[in-house]
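Written out below as structure tokens is the structure these notes cover.
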Amino acid sequence: MAIKEPERIWWKPYTRDERLWVAMALLWMMVSFVFMPVYHFIGAQNPPNETYRVGDKEKFRALVDGMVNKYKVGEEKGFPIVKPEPGSDVFVQASMWQWYPILELQQGKTYRIHLSSMDITHGFSIQPINMNFTVLPGYDYVVTLTPTTAGDYYIICNEYCGLGHHLMVGKMIVKQGGN
Amino acid sequence: MDYRICSLTGFKIHKTAEDLVKWNMVTAILFLTLGGFMGLLMALTRWPSVHYLDATHYYRFLTLHGFNALLLWILFFEIGLVYFTSAILLNTRVVAPFVGWIAYALMLVGAMFVNIVVFAGKADVLFTSYVPLKANGVYYLGIIIFAVGALTAFGHFFANIIQAKRDGAYKNTLPLGTFGLAAASIIGVFTLAHGAVIMIPVFFWSIDLIKYIDPGTYRLIFWALGHASQQINVCAMVAMWYMSAAFVLGANPVNEKLSRTAFVLYILFINIASEHHLLVDPIFSTWHKVVNTGYMMHLAVLASMIHAFAIPASMEVALRKKGYTKGLFDWLKNAPWGNPAFSATFLSIIGFGFLGGITGVIFGTEQFNIIRHNTFAITGHFHATVVSGTTVAFMGGTYLLIPYIFRREIILPRLAAFQPYLYAIGVAVMLIGMIAAGSYGVPRRHWDITFSSAIFPFSFDPSTDIFLSIMGVGGLLAVLGGVIFIIVSLGSIMFGRRTE
Ligand code: HEM
Ligand SMILES: [Cu+2]
Ligand SMILES: [Cu+2]
Chain A
1 MAIKEPERIW
11 WKPYTRDERL
21 WVAMALLWMM
31 VSFVFMPVYH
41 FIGAQNPPNE
51 TYRVGDKEKF
61 RALVDGMVNK
71 YKVGEEKGFP
81 IVKPEPGSDV
91 FVQASMWQWY
101 PILELQQGKT
111 YRIHLSSMDI
121 THGFSIQPIN
131 MNFTVLPGYD
141 YVVTLTPTTA
151 GDYYIICNEY
161 CGLGHHLMVG
171 KMIVKQGGN
Chain B
1 MDYRICSLTG
11 FKIHKTAEDL
21 VKWNMVTAIL
31 FLTLGGFMGL
41 LMALTRWPSV
51 HYLDATHYYR
61 FLTLHGFNAL
71 LLWILFFEIG
81 LVYFTSAILL
91 NTRVVAPFVG
101 WIAYALMLVG
111 AMFVNIVVFA
121 GKADVLFTSY
131 VPLKANGVYY
141 LGIIIFAVGA
151 LTAFGHFFAN
161 IIQAKRDGAY
171 KNTLPLGTFG
181 LAAASIIGVF
191 TLAHGAVIMI
201 PVFFWSIDLI
211 KYIDPGTYRL
221 IFWALGHASQ
231 QINVCAMVAM
241 WYMSAAFVLG
251 ANPVNEKLSR
261 TAFVLYILFI
271 NIASEHHLLV
281 DPIFSTWHKV
291 VNTGYMMHLA
301 VLASMIHAFA
311 IPASMEVALR
321 KKGYTKGLFD
331 WLKNAPWGNP
341 AFSATFLSII
351 GFGFLGGITG
361 VIFGTEQFNI
371 IRHNTFAITG
381 HFHATVVSGT
391 TVAFMGGTYL
401 LIPYIFRREI
411 ILPRLAAFQP
421 YLYAIGVAVM
431 LIGMIAAGSY
441 GVPRRHWDIT
451 FSSAIFPFSF
461 DPSTDIFLSI
471 MGVGGLLAVL
481 GGVIFIIVSL
491 GSIMFGRRTE
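Going down the list, the sequences are from chains A and B. Following my numbering, the numbering of the first sequence begins with 1 at its first residue and continues without gaps. Following my numbering, the numbering of the second sequence begins with 1 at its first residue and continues without gaps.
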């Protein structure tokens, strides 16, 4: 009994049912385990793993500002709208409590989006398609992304970042190719 | 030495062991009361048409809800189980009783530090306190003191079983219940050591003695603490399942070897599998994440699959021995469904296994995690594991132990019989609402998902409103079940008829 010391010969061999169950469970585990790496080869959507340390936050800020100066095409509510070249490096900066700047991307083109925070941890959450990445200060996380559907997307923050956490919303515009 | 023989179980019960179980259990229930009340406020705030608290209090009470419900209720109860299994089950004594009291006092002081500083509004950092979000130093100090207390109590477990062996309390091996708590205590020592490694420097950082804590490293070590300590809970919960089945039904584990192997799998593998919290963090390579959360996690899941087989099987065997042998399911029909110690155990197995385990395995997949990380679905997942699993199991444990330890009968028996169903169903409804809302992207820990004062307007699919209302209704049912639990358990402890 679970509340008494077991009798002398308790180290019994496994029965058939037990072997069968454990084998089935193990098989299931193996399938789901193997699937994770395999999906990196056959799947379209995998977590990015390219990351760099940001020694000095001001350097990242300078990269953001450089990109804004070069590619700015408009402004909305005080935020610059930036239309970077397809295939290029794009920098997005998180801080309490905004995502800066607004990106305008082209459908079907691939971008390398660098994410970093100027202060504390934030959560880069693209809605309504619901994709989520952690943005840390001191780290540059490179999300390689190819928008497949045109439309307006919003970046909400889904890592608690203080009292204004629920105010932190940014924007991303995906335009159909060609225009 | 001060012993009595329990008239119900025949165990020889050491007075100090009994007192330690009593104090830890009652303290646990009091913190559950506080944590559960905060849970009610959470549900009422996340329910869109109610939206009860203002933002400041929402984040503050969210910190308190996580801390009181997850850490304090569960750990105090587990320390109660430490003494129950390392002394009472072995018919032996607690060595150096003062160690038990020191551990208890440290845990209580640490708990009060944290509660007070958060209530005072000096530590609105949520229980994860991700640096560089900074709380008042007292917050980290409280956590450290609490952890040292818990570490002392887990250490005490080993002192007790070593002494018990010397006293001849067992010859070859521990009873399975004690074995399960041994696994929990081993993981406890590991985990709390990680806690020290990270919380001590963070404390110095909070009082400006250390300049910089790397936020990525903090998250890694924090989750080595935070995730692995969930495995303390799993081990203690599974041990509670085995013990309840044994006490209520006289069930024998069908194969001790299999069950023990499963506990060893927990010890070996779950400690390492904590990177599923970091699947969409920078820092680690894909292969690192795959090996850690794939290989290691699945071996720990295998252990749960084994228990999920072994415990119902032992119940079936025990009930068939009682003569319920007709057909395949006669035993199930005739199980003691009106005994809350049994029904809570059964509900906990189902809640943990089906709702918690399955969502855990899915959300822990690297690719799937992109679309679930930090959404409300995660909150749904862990309410399945720690609430409908661990909390329900410990509620059953409370009903089980009140007659043995407090020597009182359960008051309001019909209400008590009904309570586990109400609570488990309420929690299940609540978490299904959470998971549904989260699958549309609704974030956890968020005061205003309508973004009414945000600079850009965004709103979720309108159906999320319905899911969040389902969460709210489920939450209210669960709170009602929780209130009944508190009335019945504390009422029985104070006013129940004496059993001897
Ligand atoms: C009937 C009781 C309960 C209700 C109604 C409830 C409700 C909630 C709600 C609505 C949230 C989400 C807060 C948010 O992210 O906006 C939450 C978070 C949480 N709950 Fe509960 N809960 C209950 C019981 C418990 C228990 C017993 C535990 C632990 C054993 C627990 C552990 C947690 C934790 C760890 C969090 C996450 C806190 C955080 O994100 O910082 N809850 N609860
Ligand atoms: Cu943020
Ligand atoms: Cu935030």
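The beta-carbon is built from N, C-alpha and C at its ideal position, and this holds for glycine as well.
Please confirm whether any heavy atom of ligand 1 lies closer than 6 Å to the CB of residue i.
i, result
"residue 372/B", "no"
"residue 42/B", "yes"
"residue 342/B", "no"
"residue 70/B", "yes"
"residue 46/B", "yes"
"residue 56/B", "no"
"residue 478/B", "yes"
"residue 450/B", "no"
"residue 67/B", "no"
"residue 127/B", "yes"
"residue 379/B", "yes"
"residue 429/B", "no"
"residue 442/B", "no"
"residue 386/B", "yes"
"residue 39/B", "yes"
"residue 134/A", "no"
"residue 506/B", "Outside the displayed range of chain B (1 to 500) lies residue 506/B, so it cannot be described from this structure."
Would you kindly report the start and end of the unbroken beta strand (DSSP E) that includes residue i?
i, result
"residue 14/B", "12-14"
"residue 93/A", "89-95"
"residue 81/A", "79-82"
"residue 105/A", "102-106"
"residue 4/B", "3-5"
What residues are listed by DSSP as bridge partners for residue i?
i, result
"residue 142/A", "50/A and 114/A"
"residue 133/A", "124/A"
"residue 157/A", "124/A"
"residue 442/B", "Note: residue 442/B sits in no beta bridge, so no partner."
"residue 162/A", "In the DSSP output, where bridge partners are listed per residue, residue 162/A has none listed."
"residue 75/A", "80/A"
"residue 151/A", "174/A"
"residue 498/B", "408/B"
"residue 367/B", "Note: residue 367/B sits in no beta bridge, so no partner."
"residue 419/B", "Partner(s): none; residue 419/B has no beta bridge."
"residue 99/A", "94/A"
If contacts are defined as beta-carbon pairs under 8 Å, then residue i and residue j qualify, I think. What distance do you get, rounded to the angstrom?
i, j, result
"residue 343/B", "residue 423/B", "With 8 Å as the limit, residue 343/B and residue 423/B do not qualify as a contact, their Cβ atoms being about 11 Å apart."
"residue 3/A", "residue 243/B", "6 Å"
"residue 107/B", "residue 80/B", "Their Cβ separation, rounded to whole angstroms, is 11 Å, which puts residue 107/B and residue 80/B out of contact at 8 Å."
"residue 16/B", "residue 94/B", "5 Å"
"residue 365/B", "residue 30/A", "With 8 Å as the limit, residue 365/B and residue 30/A do not qualify as a contact, their Cβ atoms being about 14 Å apart."
"residue 144/A", "residue 134/A", "Actually they do not touch by this definition, with Cβ atoms about 16 Å apart."
"residue 125/A", "residue 441/B", "7 Å"
Which residue comes first and which comes last in the alpha helix (DSSP H) that contains residue i?
i, result
"residue 172/A", "Here residue 172/A belongs to no alpha helix (DSSP H); instead the beta strand (DSSP E) covers 169-175."
"residue 363/B", "358-363"
"residue 277/B", "Residue 277/B -> no alpha helix (DSSP H), and no H or E assigned at all."
"residue 45/A", "It is not in any alpha helix (DSSP H) - residue 45/A carries neither H nor E in the DSSP assignment."
"residue 215/B", "215-249"
"residue 208/B", "Neither: residue 208/B is in no alpha helix (DSSP H) and is coded neither H nor E."
"residue 489/B", "463-495"
"residue 355/B", "Neither: residue 355/B is in no alpha helix (DSSP H) and is coded neither H nor E."
"residue 145/B", "137-166"
"residue 502/B", "Any answer about residue 502/B is impossible in this case: the structure gives chain B only from 1 up to 500."
"residue 99/B", "97-119"
"residue 373/B", "Per DSSP, residue 373/B belongs to no alpha helix (DSSP H) and is neither H nor E."
"residue 5/A", "Unbroken run through residue 5/A: none, as it is neither H nor E."
"residue 396/B", "392-401"
"residue 173/B", "That residue, residue 173/B, is in no alpha helix (DSSP H); it is neither H nor E in DSSP."
"residue 503/B", "A question about residue 503/B goes unanswered here, because the residues of chain B that appear run from 1 up to 500."
"residue 92/B", "Segment: none, residue 92/B is in no alpha helix (DSSP H) and carries neither H nor E."
Is residue i a contact residue of ligand 3, with contact defined as CB to any heavy atom under 6 Å?
i, result
"residue 446/B", "no"
"residue 256/B", "no"
"residue 570/B", "Any property of residue 570/B remains undetermined from this structure, which presents chain B solely from 1 to 500."
"residue 165/A", "yes"
"residue 159/A", "yes"
Distance cut 5 Å, beta-carbon to ligand 2 heavy atom: residue list by chain order: Selection output, chain order preserved: 122/A, 157/A, 161/A and 168/A.
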